[in-house]
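Visitor: One structure coming up, written as structure tokens, with questions to follow.
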Amino acid sequence: MNRISARRQARNDDRENSNLFVYGAVVALLVFIGALLYFYAVDRRGEGPAREGTPPAVQQPAPAQSAPPVTSDAPSK
1 MNRISARRQA RNDDRENSNL FVYGAVVALL VFIGALLYFY AVDRRGEGPA
51 REGTPPAVQQ PAPAQSAPPV TSDAPSK
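Under full-length UniProt numbering, read the sequence shown as residues 1 to 77, first letter to last.
Set out below in structure tokens:
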């Protein structure tokens, strides 16, 4: 390999390394922004308006219908 082609190859390698660094930095930035948007959306999900109704645990259930005890008037033999 002569000097000219070695210099040309070194320049191409430097250019490729620079392009790869820029590509990696852009991808990392997009992943970071995506993570921030995801956490913001998850955080906002829990900030809805508060309901003024009675919580389900406090609601009183309807009175249970109990069957009258079965008594037998017939004498046992």
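The beta carbon of each residue, even a glycine, is placed where N, CA and C say it ideally should be.
#1: So what does DSSP say about residue 2, is it helix, strand or coil?
#2: I need the straight-line Cα distance from residue 13 to residue 2, nearest angstrom please.
#3: If you reduce the DSSP assignment to three classes, tell me which class residue 65 lands in.
#4: Can you give the Cα-Cα distance for residue 18 and residue 46, rounded to whole angstroms?
Guide: Based on what the coordinates show:
#1: In this structure, residue 2 counts as coil in the three-state DSSP scheme.
#2: Residue 13 and residue 2 have their C-alpha atoms spaced approximately 17 Å apart.
#3: Residue 65: coil per DSSP, three-state reduction.
#4: Roughly 43 Å separates the two Cα atoms.
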